[in-house]
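A.B. asks: Following this message is one structure expressed as structure tokens.
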Ligand SMILES: NC(=O)c1ccc[n+]([C@@H]2O[C@H](COP(=O)([O-])OP(=O)(O)OC[C@H]3O[C@@H](n4cnc5c(N)ncnc54)[C@H](OP(=O)(O)O)[C@@H]3O)[C@@H](O)[C@H]2O)c1
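Residue numbers (the numbering used here): 6 to 385.
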């Protein structure tokens with residue numbers, strides 16, 4: 006009953022979404038809201054808020070600055086949002102370091118997604134009221150407060166009083182779960198019982214992929230680079246967990262009992278890409294969506310020719326640019342209810358305030374985390 010209610014509310018919310026709202030989901034799109042304005046506000050009477058600013062490309066732990074802004078009065082059509090949770094993604098860290106596909110326009114306010122609560126609305130705003138939870142996307146979310154046009158925010162369906170744990174999960178909903186869903190559905194017509202393989206399986210994307218595949222009866226081989234992860238990945242629904250190494254191709258074949266692997270999903274590059282491509286069956290597809298090793302893959306054309314292997318690339322930003330609105334609404338309509346009802350989750354490693362951003366990005370860049378690092382700006 007609760008799930009159906011959530012689904013119905015979400016369908017309604019998605020149908021009302023403006024194109025502008027969905028375009029705001031573009032990763033790294035220009036933030037709205039921003040600098041400090043030295044006027045008092047009806048709401049905060051000149052209250053201050055912390056935000057993270059980037060003025061030069063470099064080591065995130067060195068170049069990020071914590072600034073203090075003064076709340077400004079709302080303009081027509083704007084709302085004020087208290088940021089509740091926002092994740093740190095590898096793409097954020099890479100972009101700050103100047104190693105991503107796109108560079109930030111400086112000065113920049115980093116943070117590509119999150120969840121907030123509306124705390125003030127201007128009189129012209131009809132679709133949002135105080136207390137409403139909203140998804141924040143592509144807007145510079147590592148901050149305590151955001152002022153934005155109401156049309157740029159995505160209202161969440163009525164979830165009652167969700168726990169902080171649910172809010173944290175929702176704060177990660179516009180990038181990684183969507184990527185996992187799209188990679189599972191866009192390239193190969195997967196059927197129940199099919200085998201797929203992925204690398205970096207203990208990443209958030211990897212975890213979502215395991216959970217979504219399990220729900221459809223698709224079997225997953227999950228490659229990781231270190232011991233100690235099998236129990237967690239099995240609890241998410243993994244069928245097989247393997248440690249990456251020179252015998253990976255043979256180990257994958259043993260795990261499937263020589264049944265063909267129809268789809269490989271790679272976020273690592275280098276030798277991992279090569280091994281995954283060599284583990285595919287006839288006509289198999291490898292989807293590349295990341296380069297965590299920083300190493301270019303060595304691709305064996307002999308394997309591709311002999312087995313008619315297809316190589317594809319996935320970039321969520323491109324999907325937002327090209328997918329039709331009903332397709333985007335349908336994808337969100339699948340993901341959000343699953344996160345809200347707890348059947349799609351990512352692990353959380355640690356939480357930091359805005360003022361602790363240097364510690365937070367340092368942790369986010371470390372090996373062997375137990376999940377995502379979150380900025381929880383207004384935690385008590
Ligand atoms: N193309 C797209 O549109 C798109 C969309 C979303 C995400 N991504 C990419 O997807 C990847 C995962 O993102 P995420 O947010 O899910 O990550 P995450 O949860 O922050 O976790 C990163 C994971 O990568 C693992 N890792 C790092 N370097 C590795 C290597 N050389 N070999 C194997 N594993 C390695 C880490 O393992 P340890 O625990 O062993 O340190 C960790 O589990 C990133 O590359 C991200 O940029 C791409």
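In this text, a Cβ means the ideal position worked out from N, Cα and C, and glycines have one as well. Remember, predicted model here, so these are calculated numbers, not experimental data.
If the criterion is Cβ atoms closer than 9 Å, does the pair residue 164 and residue 207 meet it?
C.D. replies: no
A.B. asks: Assuming residue 115 and residue 145 make a contact with CB atoms under 8 Å, what is their CB distance in whole Å?
C.D. replies: 6 Å
A.B. asks: Can you grab the Cα-Cα spacing for the pair residue 380 / residue 285, in whole Å?
C.D. replies: 39 Å
A.B. asks: If you draw a straight line from the C-alpha of residue 176 to the C-alpha of residue 354, how long is it?
C.D. replies: 14 Å
A.B. asks: Within this structure, are the beta carbons of residue 358 and residue 384 separated by less than 9 Å?
C.D. replies: The answer is yes: Cβ separation under 9 Å.
A.B. asks: Nearest-angstrom Cα distance between residue 214 and residue 52?
C.D. replies: 42 Å
A.B. asks: Closest by CA to residue 129, which one among 151, 156, 368, 98?
C.D. replies: 156
A.B. asks: Find out if the Cβ-Cβ distance for the pair residue 279, residue 319 is shorter than 9 Å.
C.D. replies: No, they are not a contact pair.
A.B. asks: Under a three-way DSSP split, which group does residue 307 fall into?
C.D. replies: helix
A.B. asks: From what residue to what residue does the alpha helix (DSSP H) around residue 368 run?
C.D. replies: 362-369
A.B. asks: Compare the C-alpha of residue 193 against each of 292, 148, 260 and name the closest.
C.D. replies: 292
A.B. asks: Taking only runs of the alpha helix (DSSP H) that begin and end inside the region 127-185, which ones reach a length of at least 4 residues, in chain order?
C.D. replies: With a minimum length of 4 residues, the continuous alpha helix (DSSP H) runs that stay inside the region 127-185 are 169-175.
A.B. asks: May I ask whether a heavy atom of ligand 1 can be found less than 8 Å away from the beta carbon of residue 147?
C.D. replies: no
A.B. asks: If I follow the unbroken alpha helix (DSSP H) through residue 213, where does it start and stop?
C.D. replies: 209-220
A.B. asks: Grouping DSSP H, G and I as helix and E and B as strand, with all else coil, what is residue 358?
C.D. replies: coil
A.B. asks: Under the three-state reduction of DSSP, which class applies to residue 381: helix, strand or coil?
C.D. replies: coil
A.B. asks: For residue 92, does the three-state DSSP call read helix, strand or coil?
C.D. replies: strand
A.B. asks: If I measure Cβ to Cβ from residue 264 and keep anything under 7 Å in the same chain, skipping five residues before and after, which residues do I get?
C.D. replies: Closer than 7 Å at Cβ, skipping near neighbours: 200.
A.B. asks: Less than 9 Å between the beta carbons of residue 228 and residue 277, yes or no?
C.D. replies: yes
A.B. asks: By the 10 Å Cβ neighbour count, where 16 or more other Cβ atoms means buried, how is residue 110 classified, buried or exposed?
C.D. replies: exposed
A.B. asks: By alpha-carbon positions, which one of 231, 212, 232 ends up nearest to residue 225?
C.D. replies: 212
A.B. asks: Helix, strand or coil for residue 227? Go by DSSP, reduced to three states.
C.D. replies: strand
A.B. asks: Assuming residue 340 is part of the alpha helix (DSSP H), what are its boundary residues?
C.D. replies: 330-345
A.B. asks: Starting from residue 318, follow the alpha helix (DSSP H) in both directions and report where the run begins and ends.
C.D. replies: No alpha helix (DSSP H) contains residue 318, which is instead part of the beta strand (DSSP E) from 315-318.
A.B. asks: So the beta strand (DSSP E) residue 53 belongs to, where does it begin and stop?
C.D. replies: 53-59
A.B. asks: Considering only the beta carbon of each residue, do residue 2 and residue 57 sit closer than 9 Å?
C.D. replies: Lying outside 6 to 385, the shown extent of the chain, residue 2 is not represented and no answer is given.
A.B. asks: Measuring CB atoms only, is the region 89-108 touching the region 367-379, in the sense that at least three cross pairs come out at less than 8 Å?
C.D. replies: yes
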